[in-house]
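Per the working numbering, the very first residue in the sequence shown carries number 6; after that it's consecutive. Virtual Cβ for every residue (Gly too), placed ideally from N, Cα, C. Small disclaimer: the values here were computed from a predicted structure and weren't measured. Reviewing the structure listed below.
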Amino acid sequence: MRNQRTLCAFIIFLVIFSLHWVNGEDPYIFHTWKVTYGDIYPLGVKQQGILINGQFPGPQIDCVTNNNLIISVYNYLNEPFLISWNGLQQRRNSWQDGVYGTNCPIPPRKNFTYVLQAKDQIGSYFYFPSLAFHKAAGAFGGIRIWSRPRIPVPFPPPAGDHTILAGDWFKRSHRELKLILDSGHNLPFPDGLLINGRGWNGYTFTVDQGKTYRFRISNVGLTTSINIRIQGHFMKLVEVEGSHTLQNAYSSLDIHLGQTFSFLVTANQPVKDYYIVVSSRFTSPVLTTTAILHYSNSATRVSGPVPGGPTTQIDWSLNQARSIRWNLTASGPRPNPQGSYHYGMVKASRTIMLANSAPYINGKQRYAVNSVSFVPADTPLKLADYFKIGGVFNLGSIPDKPTWGNAYLATSVMGADFRSFVEIVFQNWEDTVQSWHIGGYSFWVVGMDGGQWTPASRLRYNLRDTVARCTTQVYPKSWTAIYMALDNVGMWNIRSENWARQYLGQQFYLRVYSPANSWRDEYPIPKNALLCGRASGRYTRPL
6 MRNQRTLCAF IIFLVIFSLH WVNGEDPYIF HTWKVTYGDI YPLGVKQQGI
56 LINGQFPGPQ IDCVTNNNLI ISVYNYLNEP FLISWNGLQQ RRNSWQDGVY
106 GTNCPIPPRK NFTYVLQAKD QIGSYFYFPS LAFHKAAGAF GGIRIWSRPR
156 IPVPFPPPAG DHTILAGDWF KRSHRELKLI LDSGHNLPFP DGLLINGRGW
206 NGYTFTVDQG KTYRFRISNV GLTTSINIRI QGHFMKLVEV EGSHTLQNAY
256 SSLDIHLGQT FSFLVTANQP VKDYYIVVSS RFTSPVLTTT AILHYSNSAT
306 RVSGPVPGGP TTQIDWSLNQ ARSIRWNLTA SGPRPNPQGS YHYGMVKASR
356 TIMLANSAPY INGKQRYAVN SVSFVPADTP LKLADYFKIG GVFNLGSIPD
406 KPTWGNAYLA TSVMGADFRS FVEIVFQNWE DTVQSWHIGG YSFWVVGMDG
456 GQWTPASRLR YNLRDTVARC TTQVYPKSWT AIYMALDNVG MWNIRSENWA
506 RQYLGQQFYL RVYSPANSWR DEYPIPKNAL LCGRASGRYT RPL
């Protein structure tokens with residue numbers, strides 16, 4: 006009898022366990038990161054970098070669609086610190102976005118655990134330090150979100166998968182650069198470019214002849230668009246920030262600040278080593294750096310001149326950007342095709358026009374959106390909104406359209422309604438390429454062209470297969486238009502990816518609001534949320 010009870014209990018345990026296994030939560034992936042200072046020599050000069058687990062760049066994050074990421078960050082710096090996730094959307098959870106408008110900084114000698122989910126996402130992204138000017142010191146790394154095993158990917162499995170973190174770099178410390186900006190001046194010209202934290206020929210990617218490899222490149226720089234090319238090889242574009250693309254082949258690709266591209270390279274050339282070249286775009290002088298594509302059985306090192314980049318400027322880059330299209334038959338994170346949501350058939354309920362400018366305010370260089378130059382509040386905006394703390398920000402503190410009036414300082418927050426569908430036009434009257442990122446969202450880049458946007462510009466929109474992404478460029482004296490479904494409640498950062506411009510005010514927050522106050526629309530404040538400013542000492546309810 007006793008043995009029968011034991012057997013029955015064991016059978017019940019197996020049934021419960023199997024049900025949990027079949028219907029349980031998505032897998033959890035745990036990371037523990039220790040953030041420290043350390044000596045680095047990216048351009049041959051000793052600098053104080055910001056390392057994660059002793060690494061520069063930081064560790065790679067690998068996960069699968071819907072995986073839960075538990076990342077415990079320990080701050081061993083002598084200053085506050087925050088990590089943000091460039092493209093990891095955080096559905097219903099702007100509490101984890103990692104920018105000062107949503108999160109209190111991690112104090113020195115303290116830790117904070119991010120609870121993230123790669124909800125309904127695939128693709129290539131990166132993380133970076135968002136506070137002060139820490140991005141100039143490192144602490145950035147790649148994010149790869151793999152498709153679930155049963156979801157088809159529109160290309161055969163590659164023989165390898167490589168991450169390229171490239172961008173401009175300064176020999177001056179992040180503190181010196183911040184001081185320059187705080188004193189009302191713009192940054193000097195960068196000292197060079199890096200590939201995975203190293204300078205000229207400092208990094209090697211090994212491939213086997215005849216095999217195809219995937220490369221994911223992110224522009225993690227501060228101020229400069231870049232171009233990449235691989236000597237003797239074509240790059241077949243397959244994905245941009247979570248969207249599978251038509252597989253066009255390119256000899257070189259422009260990648261603007263904050264953007265991530267993913268392409269395939271087949272090692273089909275004679276056995277030797279080849280240059281991977283990254284150069285700055287739209288700058289004088291042009292900066293260049295290289296890495297090595299090393300065939301595994303090669304005994305011949307790279308030699309000769311480095312392959313040159315595009316010789317034409319804006320028109321060439323604009324035409325290339327227009328050629329990047331959504332693959333309408335490929336699956337996204339789910340089995341249904343990417344084109345099953347017909348964004349071009351949805352009527353926008355609101356048009357927002359955003360114009361960047363470079364005003365001087367109180368004798369200091371600032372940057373603005375619709376004449377408003379953002380200044381951080383004493384309390385993160387998300388906390389002030391949650392606890393209903395008055396006087397921190399005002400909705401409507403930034404207009405929907407350019408005013409062309411005198412620029413001024415404000416903690417600018419724009420209100421928006423949950424589930425609305427909006428058109429946003431970025432209008433750029435300056436002589437430099439702009440790059441814009443919207444936190445928490447992926448949007449459709451429906452059009453871009455030179456001159457002034459007008460309602461007639463809609464006749465030239467791509468309403469069928471434009472790519473969905475989270476960061477877009479705007480060319481000099483040009484406009485870029487996007488469509489966006491406001492399906493993610495929260496306080497979301499809209500910013501310039503030029504980090505000096507962002508730091509000096511070219512950003513604001515979009516408050517996407519739902520009156521339902523339901524967990525279905527937005528998660529509650531995390532139990533471990535750091536509280537600061539006027540929110541200090543408040544009570545947080547647990548998840």
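Between the C-alpha atoms of Asn302 and Gly207, what's the straight-line distance to the nearest angstrom?
Mapped onto the sequence shown, residue 302 falls at position 297. Mapped onto the sequence shown, residue 207 falls at position 202. Between Asn302 and Gly207, the C-alpha separation is close to 20 Å.
Starting from the C-beta of Thr293, find all residues in its chain whose C-beta is less than 6 Å away, skip the five residues before and the five after it, and write them out in chain order.
Start at 1 with the first residue of the sequence shown, and residue 293 comes out as number 288. Cβ within range, chain order: Ser284.
Per DSSP, the bridge partner or partners of Cys553:
Any question about residue 553 goes unanswered here, given that the chain covers just 6 to 548.
Could you spell out where the beta strand (DSSP E) holding Glu244 opens and where it closes?
Walking along the sequence shown from the start, residue 244 turns up at place 239. Run containing Glu244: Met240 to Val245, per the beta strand (DSSP E) assignment.
Contact with chain D by Thr168, beta-carbon distance below 9 Å
No chain D appears in this structure, which consists of one protein chain only.
Nearest to Pro520 by alpha carbon, out of Ala461, Asn467 and Phe423?
Walking along the sequence shown from the start, residue 520 turns up at place 515. Considering only alpha carbons, the answer is Phe423.
How far does the alpha helix (DSSP H) with Ile403 in it reach, from first residue to last?
Counted from its first residue, the sequence shown places residue 403 at position 398. Here Ile403 belongs to no alpha helix (DSSP H), and DSSP marks it neither H nor E.
If you measure between the beta carbons of Ala421 and Ser378, is that distance less than 9 Å?
Taking the first residue of the sequence shown as position 1, residue 421 is located at position 416. Taking the first residue of the sequence shown as position 1, residue 378 is located at position 373. With respect to the 9 Å criterion, Ala421 and Ser378 are not classified as neighbours on the basis of their beta carbons.
Please report the straight-line C-alpha distance between Ala141 and Gly202, rounded to a whole angstrom.
Numbered from 1 along the sequence shown, position 136 holds the residue referred to as residue 141. Numbered from 1 along the sequence shown, position 197 holds the residue referred to as residue 202. Rounded to whole angstroms, Ala141 to Gly202 spans 12 Å at the Cα level.
Cβ-Cβ separation, Tyr130 to Gly165 (assumed contact under 8 Å), whole Å
Position 160 of the sequence shown, counted from the first residue, corresponds to residue 165. Position 125 of the sequence shown, counted from the first residue, corresponds to residue 130. Your pair Gly165 and Tyr130 does not check out as a contact, with CB atoms roughly 19 Å apart and the cut at 8 Å.
Mapping the DSSP letters down to three states, classify Trp174 as helix, strand or coil.
To locate residue 174, count along the sequence shown from 1; it is residue 169. Correct three-state label for Trp174: strand.
So, are the CB atoms of Gly247 and Gly337 less than 9 Å apart?
Translated into positions along the sequence shown, residue 247 becomes position 242. Translated into positions along the sequence shown, residue 337 becomes position 332. Less than 9 Å separates the beta-carbon of Gly247 from that of Gly337.
Leaving out five residues on either side along the sequence, give the residues of the same chain with a beta carbon under 7 Å from the beta carbon of Ile185.
By one-based count along the sequence shown, residue 185 stands at place 180. So the qualifying residues of the chain are Leu192.
What residue does the alpha helix (DSSP H) around Ile319 start on, and which one ends it?
Against the sequence shown, residue 319 aligns to sequence position 314. Its alpha helix (DSSP H) spans residues Ile319 to Ser328.
Quick one: what's got a C-beta closer than 7 Å to Asp259's C-beta in the same chain, skipping five residues either side?
What you label residue 259 is simply residue 254 of the sequence shown in a count that begins at 1. Correct list, in chain order: Ser230, Asn232, Arg286, Ser322 and Gln325.
Figure out for me which residue from Phe392, Ala360 and Met496 has the closest Cα to the Cα of Gly456.
Locating residue 456 in the sequence shown gives position 451, where the first residue counts as 1. When each option's Cα is compared against that of Gly456, the closest is Ala360.
Would you list the one or two residues that DSSP bridges to Lys39?
In the sequence shown, the residue the question calls residue 39 occupies position 34. Note: Lys39 sits in a beta bridge opposite Tyr79.
Checking 9 Å against the spacing of the C-beta atoms, do Arg570 and Arg149 come in under that value?
Because the chain here runs from 6 to 548, residue 570 falls outside it and cannot be looked at.
What is the rounded straight-line gap between the Cα of Gln101 and the Cα of Phe210?
Walking along the sequence shown from the start, residue 101 turns up at place 96. Walking along the sequence shown from the start, residue 210 turns up at place 205. Cα-Cα distance, rounded: 34 Å.
Locate the beta strand (DSSP E) running through Gln512, then write down its first and last residues.
To locate residue 512, count along the sequence shown from 1; it is residue 507. Note, Gln512: beta strand (DSSP E), Gln512 to Tyr518.
The ligand NAP and Tyr130: does the residue's C-beta get closer than 8 Å to at least one heavy atom of that ligand?
Among the components of this structure there are no ligands whatsoever, and the ligand NAP is therefore not found.
According to DSSP, what are the bridge partners of Asp259?
On the sequence shown, position 254 is the one that residue 259 refers to. Answer by DSSP bridge pairing, in chain order: Asn232.
Which residues in the same chain as Ser99 place their Cβ atom closer than 7 Å to its Cβ, once the five residues preceding and following it in sequence are excluded?
Locating residue 99 in the sequence shown gives position 94, where the first residue counts as 1. Within the same chain, Ser99 has close Cβ partners Thr107, Lys387, Gly445, Gly495, Met496 and Trp497.
Coarse secondary structure for Asn498, derived from DSSP in three states
Here the question's residue 498 lines up with position 493 in the sequence shown. Secondary structure of Asn498 (DSSP, three-state): strand.
Go through its chain and collect everything with a Cβ distance to Ile429's Cβ below 6 Å, but skip five positions before and after it.
If you number the sequence shown from 1, residue 429 lands on position 424. For Ile429, where only same-chain residues beyond five positions count, the Cβ hits under 6 Å are Ile357 and Ile487.
Please name the residue in Asn73, His36, Arg114 and Cys68 whose C-alpha comes closest to that of Glu30.
As a position in the sequence shown, residue 30 is number 25, starting the count at 1. Comparing Cα positions, the closest option is Asn73.
Going by C-alpha to C-alpha distance, which of Leu251, Gly401, Phe431 and Gln274 sits closest to Phe266?
As a working mapping, residue 266 is identified with position 261 in the sequence shown. The shortest Cα separation from Phe266 among Leu251, Gly401, Phe431 and Gln274 belongs to Leu251.
Buried or exposed: where does Val27 fall if 16 or more other Cβ atoms within 10 Å of its Cβ makes it buried?
Working through the sequence shown from its first residue, we reach residue 27 at position 22. With a pLDDT of 36 at Val27, under the threshold of 50, the modelled position of that residue is not reliable, and the figure given next carries that caveat. Result: exposed.
Integer Cβ distance of Gln478 from His261, believed to fall under 8 Å
Indexing the sequence shown from 1 puts residue 478 at position 473. Indexing the sequence shown from 1 puts residue 261 at position 256. With a Cβ gap of about 4 Å, Gln478 and His261 count as contacting.
Within its chain, find whatever has a CB closer than 6 Å to the CB of Tyr119; leave out the 5 residues flanking it on each side and keep chain order.
Here residue 119 corresponds to residue number 114 of the sequence shown, with the count starting at 1. Cβ contact annotation for Tyr119 (same chain, cutoff 6 Å, sequence separation greater than five): Ile76 and Gln101, in chain order.
In chain order, what residues of the same chain have a beta carbon less than 8 Å from the beta carbon of Val351, not counting five sequence neighbours either side?
The residue labelled residue 351 in the question sits at position 346 within the sequence shown. Answer for Val351: Phe426, Tyr488 and Ala490, listed in chain order.
Assigned exposure category for Gln126 - 16 Cβ within 10 Å defines buried:
Along the sequence shown, one-based indexing puts residue 126 at 121. It counts as buried.
Where in the segment 350-435 do unbroken runs of the alpha helix (DSSP H), each at least 4 residues long, occur, reported from the N-terminal end onward?
386-391
By a C-beta neighbour count over all protein chains shown, 10 Å radius and 16 as the cutoff for buried, is Tyr508 buried or exposed?
The residue labelled residue 508 in the question sits at position 503 within the sequence shown. Tyr508 should be labelled buried.
Could you give the C-beta distance for Ile329 and Leu242, rounded to a whole number, given that I count them as a contact under 8 Å?
Position 324 of the sequence shown, counting from 1, holds the residue named residue 329. Position 237 of the sequence shown, counting from 1, holds the residue named residue 242. So it is a contact: roughly 7 Å between Cβ atoms.
According to DSSP, is Ile156 helix, strand or coil?
Here residue 156 is taken as the residue at index 151 of the sequence shown, counted from 1. In this structure, Ile156 counts as coil in the three-state DSSP scheme.
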